[in-house]
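Visitor:
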Amino acid sequence: MFCPFCRHPDSRVVDSRTSDDGTSIRRRRQCPNCGRRFSTTETASLNVVKRNGVTEPFSRDKIVSGVRKACQGRPVTDGDLAVLAQRVEETVRSSGSSQIDANDIGLAILAPLRELDEVAYLRFASVYQAFDSLEDFEDAITQLRIDHHGAGGAGAAAPAGAGA
Ligand SMILES: [Zn+2]
67 MFCPFCRHPD
77 SRVVDSRTSD
87 DGTSIRRRRQ
97 CPNCGRRFST
107 TETASLNVVK
117 RNGVTEPFSR
127 DKIVSGVRKA
137 CQGRPVTDGD
147 LAVLAQRVEE
157 TVRSSGSSQI
167 DANDIGLAIL
177 APLRELDEVA
187 YLRFASVYQA
197 FDSLEDFEDA
207 ITQLRIDHHG
217 AGGAGAAAPA
227 GAGA
């Protein structure tokens, strides 16, 4: 790491601390040549390969802005979006790969978004999965209904066993 002031090729670490979210380490460095101090941030690199082949660093902000459009008019707060973006990052990082397809990010968004708000989920899925007919929406809604029945419908199903 070159000193940003005098380009000296060496520097000494004077302090290092982990960021609050644990994904990066910030180091204070001092240049032995000019004595000035500067900071560096170290993160495990994670790059996104877009559909056009261009690679860019993973950004939670991009996840948030992408999902926010789908959440317009829905009871979803900025805090909810921040948590969602964090979960998406954890999911894609857990693959252990330093490079991830934009497509896989879209997939990683679907599950937490569905928990957050089903209308926003349908909107996002319709764009991401390129729904092009009413049937696509019907299928997605049917799937939501089936899953509701499995998870949330347990209480309503209780009388069936109550007679025994
Ligand atoms: Zn220097």
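Start counting at 1 in the sequence shown, then tack on 66, and there's your number in our numbering. Beta carbons are placed, not taken as given, at the ideal position from N, Cα and C, and that holds for glycine.
#1: Within 6 Å: the Cβ of C137 and any heavy atom of ligand 1?
#2: Report yes if the C-beta of F71 is less than 6 Å from at least one heavy atom of ligand 1; otherwise report no.
#3: Measure from the alpha carbon of V142 to the alpha carbon of each residue in D205, N169 and A186, then state which is nearest.
#4: Where I207 and K128 are concerned, what is the direct C-alpha to C-alpha distance, given to the nearest angstrom?
#5: Label D76 either buried or exposed according to how many other C-beta atoms from any shown protein chain fall within 10 Å of its C-beta, with 16 as the threshold for buried.
#6: Given this structure, state the Cα-to-Cα distance separating F104 from C69, to the nearest angstrom.
#7: Does DSSP classify G78 as helix, strand or coil?
#8: Count the other CB atoms, across all protein chains shown, that sit within 10 Å of the CB of P178; report buried if there are 16 or more and exposed otherwise.
Guide: Let me lay it out:
#1: no
#2: yes
#3: A186
#4: 27 Å
#5: exposed
#6: 8 Å
#7: According to the sequence as given, residue 78 is Arg; it is not Gly. DSSP places R78 in strand when its eight states are reduced to three.
#8: buried
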